[in-house]
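The numbers in full-length UniProt numbering rise by one with no breaks, and the one at position 486 of the sequence shown is 486.
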Amino acid sequence: MTSKQQVWTRDAVRDRILDGETLIVYRESLLRIPDKWLEAHPGGNLSLLHFIGRDATDEIEAYHQDNTLSLIPRYSIGCVVNTLDEPWIPLVPPIMAGWVRRKGPGGKTYWHRESIEQRSAVNTEASPSSQILLVPNDASPLSEKLPSGPTAETLEPPPATLSPKAQARLSQAYRDLHQRITEAGLYDTPYLTGYGPELVRWSMLAATSAYAYSHGWFKTSAMFLGLFWHQLVFTAHDLGHMGVTHDWTTDRIISIVIADYIGGLSIGWWVQNHNVHHIVTNHPSHDPDIEHIPFFAISTAFFGSLWSSYYKRTMAFDWAARFFISMQHKLFYVIMAFARFNLYANSYTYLYQKAFDTRRARGGAWAWRLEVLGILFFWTWFGYVLYGTGSWQNALAYIMVSHVVTSPLHVQIVLSHFSMSTSDLGPTESFPHRQMRTTSDVICPESIGFIHGGLHLQVTHHLFPRLPRHNLKKASFLVKEFAEQNGLKYSEFGFVDGNKDVISVLRNVAEQVKIVGMVAQSEVVEAVEKSVPDQKQS
């Protein structure tokens, strides 16, 4: 029997993971990811770390083309039992329990506990028995007695609320759906009918902005520049998912031109951030797209000052967070008006960190240099535009108008997730179940779908992230059929109703902040009263 024919038991897989190996289940194969590839993976290392000890078949096939999938057998070290009748029982990935591998002196790796796992003690809709959240090390009174590495108990999932066999059947139904979509030719990009009109729109918006600028109509010019950026972002999103030419290098170069050179934003940062969002959607401790402390919290789970495995920091629920979150439903649109400035901050922080990062992901060196040149180019031409307005007042107005005009984009981005479930149903939950539970669509007439740039069809996009944007509508009919056949809810609502739902969620959490504040104040008053001697008895 060759090593690739060896059948691995769950206990054997667990023990090798505890020894520091990165093992992932793909169909009935057990994959061992070398440390070098873990660092060079184009989708980022977190995309792999979140699936250690789990069946990642659906995620792998959703995010990779056939030519990439054909390379997977080279990482196989054996087989596991993983069938519909006897599905693989997942382990908890160490990173989801607060454990990561670090390199010490001499390059030797060791376990490092960056946070503490907090398992649910109840079984409610908001906090199911399967839920694991992360809190900072200093939040635990037992932090000085922590083990030097994860244990077998650490990797054992809490009681699941879902049936492994039912989830395995759902995964198989999803794979059948994926095959139907592929055979229907929906992965073929409609360049002429899809991106032809896009090019016309971009040209008209850019030309109008330039024409207005040449006549001194600076606010009008700024408005159309903002609309131009707004439309370009959708295509950058497509390219980041390899959903245009389906070639990594080609899509990345085009996306750098659009995002960095024209928009001043890092596509590298966005891809890294967005990939994680897609695989751990709406998880409070892991999804960066819902981690907006101190400004927003869509779940009371954030009141616990959670640890972010993406940002590697504590999301402190401090006085600033309590202040903003208590009014978040009132400040939502105001903050969204300035959201693009936050993208600059995240982009430039990412590029700065990558300058000192020894890890070399695919295209890491040339792509990073091209991005830095792009940012410099952006601020050169945009700075020249601002200088040409004639005064600092005009320049400031130009900046504000052009950036505020893009704010509907940021509302569109959060609309499909902010009002959806943030519960953790554990590693047993299948890919299609998780995506449909945490994602919703925005009902929109096809004639104005370009305004949303495909973001109104997020359910289908999350199930098939590489699918060309202009084919999402056709695919959504098959997804709705799939949902009905498998007893899943396909969530969708109108734009106005969707905004109302988001505001409602924000308001409910804000009210909880006020209640927590009132309880805390009451406890302080009670404690003070008990500590003050009774003056009448003195």
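A virtual CB, placed ideally from N, CA and C, is assigned to each residue, including glycine.
Report the rounded CA-to-CA distance for residue i versus residue j, giving the unit in angstroms.
i	j	result
V525	W319	Confidence at V525 is low in this model, with a pLDDT of 46, below 50, so its placement is unreliable and the value that follows should be read with caution. Between V525 and W319, the C-alpha separation is close to 19 Å.
E156	L91	6 Å
Y191	M242	14 Å
T208	F224	7 Å
W366	L71	24 Å
N342	H283	21 Å
E183	L506	42 Å
S423	W217	49 Å
R469	H462	12 Å
I290	S419	11 Å
D247	S255	12 Å
I279	F51	9 Å
S430	Y63	15 Å
H417	A510	18 Å
V528	E21	Bear in mind that the predicted position of V528 carries a pLDDT of just 44, short of 50, making it unreliable; the figure below should be weighed with that in mind. For V528 and E21, the distance between alpha carbons rounds to 53 Å.
residue 541	G454	For the chain, the structure presents residues 1 to 538; residue 541 sits outside this window and is missing.
R119	P159	10 Å
Y310	W368	20 Å
I77	H112	26 Å
Y490	K480	6 Å
D251	N123	45 Å
L331	V404	15 Å
S221	I413	25 Å
I132	T189	40 Å
Using alpha carbons as the reference points, say which of the options lies closest to residue i.
i	options	result
F234	H215, Y195 and T249	Y195
Y398	G383, H410 and G268	G383
L49	I72, R27 and R101	R101
L170	V276, T83, G104 and Y344	T83
R437	T460, F450 and H403	T460
L18	S326, F295, R32 and T151	T151
L265	A345, L205, N275 and T249	A345
D85	R322, Q167 and P42	Q167
H237	H433, I503, A97 and G263	G263
E125	V200, S504, A339 and S421	S421
T57	H112, T380, P432 and Q512	P432
I267	T406, Y110 and G363	G363
V13	L370, L23, Q5 and Q6	L23
S326	P94, T300 and F338	T300
S115	D357, E446 and L134	L134
H277	G498, K514, V25 and Q458	Q458
G440	L46, L396, N499 and R201	According to the sequence displayed, residue 440 carries Ser and not Gly. The candidate whose alpha carbon is nearest that of S440 is N499.
T161	L386, G426 and I451	G426
V200	Y211, F228, D55 and S214	F228
Could you check where the alpha helix (DSSP H) with residue i kicks off and where it finishes?
i	result
A341	The amino acid at residue 341 is misidentified as Ala; the sequence shows Phe. First-last of the alpha helix (DSSP H) with F341: A339 to A355.
I325	W319 to I325
T83	From DSSP, T83 is part of no alpha helix (DSSP H); its letter is neither H nor E.
V200	G196 to S214
F377	G364 to Y387
K489	Counting along the chain, K489 falls outside any alpha helix (DSSP H), and DSSP gives it neither H nor E.
R14	R10 to L18
W37	D35 to A40
A168	P164 to E183
I335	Q328 to M336
L69	D66 to L69
L48	L46 to L49
Tell me residue i's beta-bridge partners as DSSP assigns them.
i	result
H237	For H237, which the question treats as bridged, DSSP gives no partner whatsoever.
Q5	Bridge partners of Q5: none, in fact.
V25	L30 and D55
L506	L506 pairs with nothing; no bridge assigned.
V257	DSSP output for V257 lists no bridge partner at all.
E481	BP columns for E481 are empty, so no partner.
I116	V135
T314	W307
S76	L31
Determine the extent of the beta strand (DSSP E) in which residue i is found, giving its start and end residues.
i	result
I435	Looking at the sequence shown, residue 435 is not Ile but Gln. It is not in any beta strand (DSSP E) - Q435 instead sits in the alpha helix (DSSP H) that spans F431 to T438.
residue 540	Because the chain spans 1 through 538 in this model, residue 540 falls outside it and cannot be assessed.
L134	I132 to P136
R101	W99 to K103
Could you tell me whether any Cβ in chain B is nearer than 8 Å to the Cβ of residue i?
i	result
S209	Within the model displayed, chain B is absent; a lone protein chain is all it includes.
Practice task
May I have a chain-ordered list of the alpha helix (DSSP H) segments no shorter than 4 residues that lie completely inside the segment 265-303?
Solution key: 267-279
Practice task
Mind listing, in chain order, the continuous alpha helix (DSSP H) runs of no fewer than 4 residues lying wholly within the segment 438-476?
Solution key: 449-452 and 458-463
Exercise for the section: Taking only runs that begin and end inside the segment 389-418, name each unbroken alpha helix (DSSP H) of 4 or more residues, in chain order. Expected result: 392-404 and 407-415
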